[in-house]
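Structure record follows, encoded as structure tokens.
Protein chains: 6
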Amino acid sequence: MIALFRLGLLNPNTDERHTDAMRGVALDALPEGSEVTAVTAPRGPKAIESEVDSVVAAAEVIRMLESLPDMDAYVIACFGDPGLDAARELTSAPVVGIGEAAYDAAAFVSKKFAVVTTLPRGVAELEEAVARRGLPSRCVGVVPLHISVSDQGADHPDTTASILAVGQRLVDDGAEALVLACGGMADVAATVQDALGVPVCDGVSFGALLAFSLWRSGLRTSGSGAYANPEPVDYVDMPAPLVSKGR
Amino acid sequence: MIALFRLGLLNPNTDERHTDAMRGVALDALPEGSEVTAVTAPRGPKAIESEVDSVVAAAEVIRMLESLPDMDAYVIACFGDPGLDAARELTSAPVVGIGEAAYDAAAFVSKKFAVVTTLPRGVAELEEAVARRGLPSRCVGVVPLHISVSDQGADHPDTTASILAVGQRLVDDGAEALVLACGGMADVAATVQDALGVPVCDGVSFGALLAFSLWRSGLRTSGSGAYANPEPVDYVDMPAPLVSKGR
Amino acid sequence: MIALFRLGLLNPNTDERHTDAMRGVALDALPEGSEVTAVTAPRGPKAIESEVDSVVAAAEVIRMLESLPDMDAYVIACFGDPGLDAARELTSAPVVGIGEAAYDAAAFVSKKFAVVTTLPRGVAELEEAVARRGLPSRCVGVVPLHISVSDQGADHPDTTASILAVGQRLVDDGAEALVLACGGMADVAATVQDALGVPVCDGVSFGALLAFSLWRSGLRTSGSGAYANPEPVDYVDMPAPLVSKGR
Amino acid sequence: MIALFRLGLLNPNTDERHTDAMRGVALDALPEGSEVTAVTAPRGPKAIESEVDSVVAAAEVIRMLESLPDMDAYVIACFGDPGLDAARELTSAPVVGIGEAAYDAAAFVSKKFAVVTTLPRGVAELEEAVARRGLPSRCVGVVPLHISVSDQGADHPDTTASILAVGQRLVDDGAEALVLACGGMADVAATVQDALGVPVCDGVSFGALLAFSLWRSGLRTSGSGAYANPEPVDYVDMPAPLVSKGR
Amino acid sequence: MIALFRLGLLNPNTDERHTDAMRGVALDALPEGSEVTAVTAPRGPKAIESEVDSVVAAAEVIRMLESLPDMDAYVIACFGDPGLDAARELTSAPVVGIGEAAYDAAAFVSKKFAVVTTLPRGVAELEEAVARRGLPSRCVGVVPLHISVSDQGADHPDTTASILAVGQRLVDDGAEALVLACGGMADVAATVQDALGVPVCDGVSFGALLAFSLWRSGLRTSGSGAYANPEPVDYVDMPAPLVSKGR
Amino acid sequence: MIALFRLGLLNPNTDERHTDAMRGVALDALPEGSEVTAVTAPRGPKAIESEVDSVVAAAEVIRMLESLPDMDAYVIACFGDPGLDAARELTSAPVVGIGEAAYDAAAFVSKKFAVVTTLPRGVAELEEAVARRGLPSRCVGVVPLHISVSDQGADHPDTTASILAVGQRLVDDGAEALVLACGGMADVAATVQDALGVPVCDGVSFGALLAFSLWRSGLRTSGSGAYANPEPVDYVDMPAPLVSKGR
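First to last, the sequence lines map onto chains A, B, C, D, E and F. Those letters in the first sequence? Residues 0 to 246, by numbering that gives the first Met the number 0. Those letters in the second sequence? Residues 0 to 246, by numbering that gives the first Met the number 0. Those letters in the third sequence? Residues 0 to 246, by numbering that gives the first Met the number 0. Those letters in the fourth sequence? Residues 0 to 246, by numbering that gives the first Met the number 0. Those letters in the fifth sequence? Residues 0 to 246, by numbering that gives the first Met the number 0. Those letters in the sixth sequence? Residues 0 to 246, by numbering that gives the first Met the number 0.
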């Protein structure tokens, strides 16, 4: 029996437990009969906290996509959406980033949303991502928890408490929805939503459904212009990218 | 047996054949087990071509929503998205407009898209809608066919030919995807996509899937701030709005 | 003896006392020999506090304009400017909204202004209105009193005190002028201006004068493009709009 | 008998015939009983065609304002609005520039307007002025006639013909109103309006009426923040500015 | 022996000690063999604190540039960059303003910077300057010391302490670099940088180096379009501008 | 004898001849006594034509920077500025991209500039880069030659002719300066500048001088916020980034 829909989920960091958790979230969200094949980055950072980590991870995304051809659609499962535009050059299947998916969701269920992140260093980058998505006037703020992804494993209860405290302050300041851009916390979204009474947007489930929705509408990544096949450039000491788009 | 997902499709114009066609498109797109209940505006314009038509239709959308409570999500099935913010005040179910859905789809499968509309009078309004969605730098142009919705019924073949001609010109000028904002033309999207080789975005199918995706992700329209329940204001000579959101 | 200038003042809510008060303000402001004919919405909300109220009121504005043809210019006398673009399709006389008028006034007498409104729910909508008017970088903030229009009747003294307190804080934060977007408070503008020492912008008087100024300069609403006559679309169960513009 | 309203009209260039013509236009536009006192720059360029001319003229505007105290409001009668912010520091009377007035008028009677200017060198500056006024998305273009102000005197008929030709092209491209930013051409506005059938905005008459409208609404230039009195700085070899605002 | 590079430094205010100090800073920054010829405004304000001061100073800049032809590049050494565009019409040598230079520097060494200024009246103008430079999303705030330039001479220690206090607060709020837009304070930049541990941008040294860099790259101010030679307009009672650009 | 200034030039592609040519340009531009150490990417694409190429190259930039510590400043010598923000996390020396340098130069010598690139696929990315730099209103267009970098080697004369033809058209359309974003063409800038009579901006020489200017002004990349040291994250199957910034 063939699957209704085959999603490729690419985790740009090297943390397999994280991959498994996100695969579960995606599978729960998708319609019955869907399949999710998840790939973990074979090398690179265990968590993506800096721009250096993100650049390294973006290069891995290309190779992960090559290793997982023939999916109906793909999700890049890291909030910074590393390698997103590059991936769109390599396949005509729709490719969705969980960061853009989460902002998008927030914009459908609220006029004004806020973003909760891990560290102050990420604030400017996330503000830029919201602006690239065209939503700067919709975002009342990007606020850090001052807890890194790495530190969250050890003291998870404190992280949730911290998100609740920051979230409550943002709701009081006018946030009508929250986006959690803070790593492995997709599982706490429901808790926060219940406690604060505003929608809390999870990029993984909505991102997987967006990928499904694009594919199901018959839409494929454009092969014209910005997302055209890479030019046939010579590569030194590494293979040139494998294009599954049909040149 | 209960439905997986119940979508309320609100057609703000009074053309029932249009309602039926859009209901069919939505039903085809949604996962098996979904139900689509479609409502046609009981009064007002047969096609929405001016801002006057749009204002009249927006007021009908409120009453249509009241007449169709308890859906899991709603789609407002007119490209101008009339009454969208008002509808979001009246229900906690997600509400999606097919205009915003189509721009959104285009932004996921291309860097640069173009919009094809019916008449020059609508160009500025659509440009504003694209800007409100945050995508002005992604849109290479909004171009009219110079054919009204009313005139399309009679000479449908010419309309398709006209869309193909305008679309080809836009692709040559850098459009990597097209959005058809020209009324009853959802059925020609596939034809145009095949002929021009770029994605052609249909707000009805993707809009229905977006509504499903939001609902399936557990997201509900925020009840805080801009989309809070309407205040309990006295209404003269007409019933005050019925809120299904739980005050 | 014929009037110098005949202004049609359309009050989109159903509160006749409000209509009378605004008519008095407009008449006082206009040059001697002007006439002001004021119309109250025949049905709908007594105060416009939500987007639902606004959508209902916008549809009434069209009918009110039809009932009052042949004015030299019109003012839509509600801060949200409901039905403004639609009204401009129906008449070649200039049409001015008091919201846009107030922002405009503030921009001529200050570099940075602030907007005082009634409820938090209206903040996002007013921010959008300021942005549509092109003045987001000129506005230091939209701040709510947390008092609805309906509640203002009972305890008017408290409302003024509240405006003074909010206004003083905004002036301390850099507001060089204030816009009062809080319903029936046009009469308190002078009090606030005297107390705080900054211009306080009243959309009704300046809006009436703007309408006069456009007319007096020989300007008429364009009949080309966005504000062209509505297309001749069939209307079901209600009359099609009456156009006084000359088709 | 005292005047209803006393307008100070400041012509930043040194062409007295131009001053007289603009004084006549303003007087015709203002309500009966108004007085217009017009001042011509005592020195500097005869026409303002470059940024150098504009900078020289701006410094003269300060001195002209000092020489004409006690007006109810002022108009700076040059399309580039030289010295506008400086003038607002020196008087609490409203000060309006004819450039900003013309863009403002166009935004009230059309969705999309275009600007006709003299020389290509002025295009970028006018685009910046439209953007400062917050209207870049409303402007379909700034198009030069390739005729300098100085050359217009000799061959006036050709200038009008050129404006008509450029204007027709702009209307065909979607301009619903025109702004004439081309010097001594206020007198041709009516001709162009009749010929092209779209509103043609004249900054002098509408600017004079705006100044009247602000004053009549009881608004005065803010004395707080950006337009506060100049600081009491020592001036070398020239008198420090005379402030009529009450320090 | 001829100089490697000849910089003209134009101080728009009349404070010669300020000129000397800035000349020293520029000379220290430039490569060995460079010459800096500095000119003080012969008349006008001793410090530029208001828009009136700025307009007067801009007109002097034109005359100062005429008095100092044949430099390889110029710096306008006042944070408001008065007369910058006019100067670019008069010479093909590159002309740099120290305000734009300082924002530019901050944008190269940080994602988010803040600007410290003297008085609240200048905040809006500096915000506009940052926006004109295209960097509004990079600037976390423009904050005044509430100390005028004139008052700084007397109590310099207090000024530095005030800058340190304001700067520390801005760093705590996310500023990664500071721009000192507060007059004669270039000499305190190093102190502040050492104390706060973030880059502190000095427009004079970086502006002089930018002017050198443009010249050294073979770039000259464009003679086409906005910066073309002024048109040959008649001047009354003062000499027409002297163009060294080659007409 | 120690160098005045040591520049690290990182060529993100693997074409050594290109590295040598750019090293020569930088050395010629910098003040006497400067040293330029140039590094070629050890692996990856020979030319960077797609986003895939760019992502691969960005990851190499990090390793190249690690291999070349202790420079006074760095230039990333590829128009897309790959890895720029990541590099700024790794060193406190200033880091400049030649893309941002070229736009910056154009903004100092013209009001309106245009960008010439190789292929249509790059247009959207370059438009985004211009927007990130804050200069979208200054750019009249990004226009492709329809010649890839790879094809330029063979028929160089044709490339120059093509640039001249495209450039002339852009100048006719209002471009006052040109930016050449078309790979190995830095050497043709002078030819184009002479032929077209407008400044032609070369990112390599101006970028090297900008890096020098920042360093010479005592500015170092901020270690606070966005450009703080990368967090100490575990790396799998590759070394974690080497930080020369002092943690």
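By construction, the Cβ of each residue, glycine as well, lies at the ideal position given by its N, Cα and C atoms.
Taking GLY173/E as the query, report the chain A residues whose CB atoms sit under 9 Å from its CB, ordered along the chain.
PRO119, VAL122, ALA123
Whose Cβ in chain C lies nearer than 9 Å to the Cβ of ALA130/E?
SER136
Proximal residues to TYR226/C (C-beta, below 7 Å), its chain only, five neighbours per side dropped
ARG87, GLU88, THR220
Where GLY96/D sits in the DSSP three-state scheme
strand
I need the DSSP call for PHE78/B, collapsed to helix, strand or coil.
coil
In this structure, does DSSP put GLY121/B in helix, strand or coil?
helix
Can you give the Cα-Cα distance for SER161/D and VAL199/C, rounded to whole angstroms?
44 Å
Does the CB of VAL232/B have a neighbour CB from chain C at under 7 Å?
yes
Can you confirm whether the region 4-18 of chain E touches the region 38-47 of chain E when touching is taken to mean that 3 or more C-beta pairs between the two stretches lie within less than 8 Å?
yes
As assigned by DSSP and simplified to three states, the class of GLU34/B
strand
Along the chain, where does the alpha helix (DSSP H) containing ALA176/D start, and where does it finish?
Note, ALA176/D: premise wrong, no alpha helix (DSSP H); beta strand (DSSP E) at 176-180.
Can you confirm whether THR13/A, when its beta carbon is compared against all beta carbons of chain F, has any partner nearer than 7 Å?
yes
Relative to the alpha-carbon of ALA210/E, which residue among ASN12/E, PRO11/E, SER33/E has its alpha-carbon at the smallest distance?
SER33/E
So THR98/D contacts chain E; which residues on that side make the cut at Cβ distance below 9 Å?
Reading the sequence as shown, one finds Gly at residue 98/D and not Thr. Those do not exist, as GLY98/D stays about 16 Å from chain E at its closest Cβ, beyond 9 Å.
Taking the Cβ atom as the reference point for each residue, do VAL24/B and GLY206/B lie within a distance shorter than 7 Å?
no
Do you know how far the Cα of CYS138/C is from the Cα of GLY173/C?
10 Å
Let me check understanding here. Comparing Cα to Cα, which of VAL129/A, VAL165/A, THR13/A lies closest to VAL191/A?
VAL165/A
Per-residue contacts from LYS111/D into chain I (C-beta, under 7 Å):
Absent from the structure is chain I; the protein chains it does hold are A, B, C, D, E and F.
Within chain A, partners of LEU179/F - CB distance below 8 Å
By Cβ distance, chain A contributes nothing, its closest Cβ being about 19 Å from LEU179/F, past 8 Å.
Kindly indicate if chain D contains any beta-carbon less than 7 Å away from that of GLY82/E.
yes
For ARG62/C, would you say it is in contact with chain B, using Cβ-to-Cβ distances shorter than 7 Å as the test?
no
Over what stretch of residues does the alpha helix (DSSP H) that includes ARG87/D continue unbroken?
83-89
Where the alpha helix (DSSP H) containing THR190/C begins and where it ends
188-195
Taking 6 Å as the limit between beta carbons, can you name the residues of its chain near VAL242/D, skipping five residues before and five after?
LEU89, ASN228
Check each residue of the region 201-231 of chain C: if its Cβ is closer than 8 Å to any Cβ of chain D, include it; give the result in chain order.
ASP201, SER204, PHE205, LEU208, LEU209, PHE211, SER212, LEU213, ARG215, SER216, GLY217, LEU218, ARG219, THR220, SER221, GLY222, SER223, GLY224, ALA225, TYR226
Do you know offhand how far ASP157/B's Cα is from ILE146/B's?
10 Å
Can you tell me where the alpha helix (DSSP H) holding ALA28/B begins and where it ends?
15-28
Rounded separation between ALA58/A and LEU195/A - CA only:
38 Å
With burial defined as no fewer than 16 other Cβ atoms inside 10 Å of the residue's Cβ, what is the status of ILE1/C: buried or exposed?
exposed
List the residues of chain C that VAL187/D touches, going by C-beta distances under 8 Å, in chain order.
Chain C residues near VAL187/D: none, gap ~13 Å exceeds 8 Å.
Nearest-angstrom Cα distance between ASP71/E and ALA28/F?
15 Å
DSSP on VAL242/C, reduced to helix/strand/coil?
coil
Can you tell me which of the three DSSP states GLU54/D falls into?
The sequence given here places Val at residue 54/D; Glu does not occur at that position. VAL54/D: helix per DSSP, three-state reduction.
Do SER223/D and VAL197/C have their C-beta atoms within less than 7 Å of each other?
yes
Hey, PHE112/D and GLY98/D are a contact pair by Cβ (cut 8 Å); roughly how many whole angstroms apart?
So it is not a contact: roughly 13 Å between Cβ atoms.
What residues of chain C sit near ASP103/D, judged by a beta carbon separation below 7 Å?
ASP103
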